[in-house]
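All remarks here apply to the structure that follows.
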Amino acid sequence: MKQPDTTSATTITAAAVEQAAQDLRPYLPFTPLQPSSAFTAKVGCPVHLKLETVQPIRSFKVRGALHKLLRTHPEERAAGVVTASAGNHGQGVAYAARTFGVPATVFVPDGANPLKVEAIGRLGGTVVHHGRSYQDAYLEAVRAQAETGATFVHAYDDPDVVAGQGTVAVELLGDQADRPALPEFDTVVVPVGGGGLISGIALYCKARLPGVRVVGVEPTGADALTRSLEAGEITTLDRVQTVADGLAASAPGRLTYELAARHVDTMLRVEDDELLRAIRLLFEWEHVLAEPAGGAAVAALLSRYRPAPGERIVAIVSGANVTRDVMLRALQSR
Numbered sequence: 043m044k045q046p047d048t049t050s051a052t053t054i055t056a057a058a059v060e061q062a063a064q065d066l067r068p069y070l071p072f073t074p075l076q077p078s079s080a081f082t083a084k085v086g087c088p089v090h091l092k093l094e095t096v097q098p099i100r101s102f103k104v105r106g107a108l109h110k111l112l113r114t115h116p117e118e119r120a121a122g123v124v125t126a127s128a129g130n131h132g133q134g135v136a137y138a139a140r141t142f143g144v145p146a147t148v149f150v151p152d153g154a155n156p157l158k159v160e161a162i163g164r165l166g167g168t169v170v171h172h173g174r175s176y177q178d179a180y181l182e183a184v185r186a187q188a189e190t191g192a193t194f195v196h197a198y199d200d201p202d203v204v205a206g207q208g209t210v211a212v213e214l215l216g217d218q219a220d221r222p223a224l225p226e227f228d229t230v231v232v233p234v235g236g237g238g239l240i241s242g243i244a245l246y247c248k249a250r251l252p253g254v255r256v257v258g259v260e261p262t263g264a265d266a267l268t269r270s271l272e273a274g275e276i277t278t279l280d281r282v283q284t285v286a287d288g289l290a291a292s293a294p295g296r297l298t299y300e301l302a303a304r305h306v307d308t309m310l311r312v313e314d315d316e317l318l319r320a321i322r323l324l325f326e327w328e329h330v331l332a333e334p335a336g337g338a339a340v341a342a343l344l345s346r347y348r349p350a351p352g353e354r355i356v357a358i359v360s361g362a363n364v365t366r367d368v369m370l371r372a373l374q375s376r
């Protein structure tokens, strides 16, 4: 594998992630780390679920969005915020903007998850539909930001956003004095879209507990980070097709690619039917509602990852914003 230039990845440090966790404490709950006897029995090793599904927007994305706005000067925030999103990040930005009393405009592609788009509006965000793809919406959001002077909040390729997402790992490693974490674990399995979550988690874990193995999971129809790491350079997919709209990125960001190249141990691909089966079993066995993106780590454990005997695993369940139609498909899956 060709080794990439990762110099800009040094702009984010473990200390910055710890500071982000401290700054977010007044705004967000610690999310549960739940042992799963059912998945432990099925996989054959101890499995815990990190449930980002209980966040205020039912997704980890609120961490990065809130942290970005916390790090933005109040005078800059007052001009409003703008972003492009397939759904969950847009909710995070709308929630963060409402928290600070500033307007948010969220550009979404046509065909975006209607449940997530509706939630953006309920949270006070102004939704603008533009284009057929995330890239179309992104380019229009950048144009709008240049015209208005609003703060642009990238969905993943931003140091403050990555540091915010990395606070998941701060909770896992128990670096909050009053909140014990899992005593020890060997592997953390993480869903991957644009790469903000896995790059933040991997950066922090490798700095504080270098022996931890970090495994990323992508849909086979949206495997941009896997292909990029294999090629040794950022690769853009010509087509993205997956039931997991939260993981439907055509390319990783430059920053997230560099961090993943440095810190992620393994990438795995899962099929859509495996994602649907995973969210069905999360619902039936653990009574946890998850969207397909949120079930990616569990899907990999069920069908792709081969643990060592006794390996202790944390699976990140990253979000719960699933439509009724997709959930019905999942419940009918086998």
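Residues in the sequence shown are numbered consecutively from 43, following my numbering.
Glycine included, each C-beta is placed from N, C-alpha and C at the ideal position.
Remember, predicted model here, so these are calculated numbers, not experimental data.
Next item on the list: Within 10 angstroms of the Cβ of H305, are there 16 or more other Cβ atoms? Answer buried if so, exposed if not.
Entry: buried
Check: Would V231 pass as a contact of E260 if the rule is Cβ separation under 8 Å?
Finding: no
Check: Which residue or residues does DSSP assign as beta-bridge partners of F72?
Finding: Answer is none; F72 lacks a bridge partner.
Checklist line | Closer than 8 Å to chain D by CB, W327 | finding: Included in the structure is just one protein chain, with no chain D present.
Margin query: Could you check whether L214 and L75 sit closer than 8 Å to each other, using their CB atoms as the reference points?
Written below: yes
Next item on the list: For V282, I'd like the list of residues in its chain whose CB is within less than 6 Å of its CB, leaving aside the five on either flank, ordered along the chain.
Entry: A264, A290 and S292
Checklist line | Assigned secondary structure, P201 (DSSP; H/G/I helix, E/B strand, else coil) | finding: helix
Notebook entry, point to check: Is DSSP giving V256 helix, strand or coil here?
Noted result: strand
Margin query: For G236 and T278, what's the separation of their Cα atoms in angstroms?
Written below: 11 Å
Notebook entry, point to check: Hey, how far is the Cα of I358 from the Cα of R255?
Noted result: 14 Å
Note to self: Output needed for P88: all residues of its chain with C-beta closer than 6 Å, excluding positions within five of it in sequence on either side, in chain order.
What the structure shows: T82 and R354
Item checked: Residue from P294, E118 and P201 with nearest C-alpha to F142 -> E118
Note to self: Determine whether the beta carbon atoms of G122 and V148 lie at a separation below 8 Å.
What the structure shows: no
Check: Under 8 Å, do V340 and L318 count as touching if we go by C-beta distance?
Finding: no
Notebook entry, point to check: Could you check where the alpha helix (DSSP H) with T298 kicks off and where it finishes?
Noted result: R296 to H305
Note to self: Just to check my reading of the structure: Y347 and V210 have Cβ atoms closer than 8 Å, yes? What is that Cβ distance to the nearest angstrom?
What the structure shows: Contact doesn't hold; Cβ gap of about 19 Å is too wide.
Notebook entry, point to check: For the alpha helix (DSSP H) that contains V364, what are its first and last residues?
Noted result: Note, V364: premise wrong, no alpha helix (DSSP H); not H, not E.
Item checked: Proximity of L344 and A320 at Cβ, strictly below 8 Å -> yes
Notebook entry, point to check: Is the CB-CB distance between V59 and G352 below 8 Å?
Noted result: no
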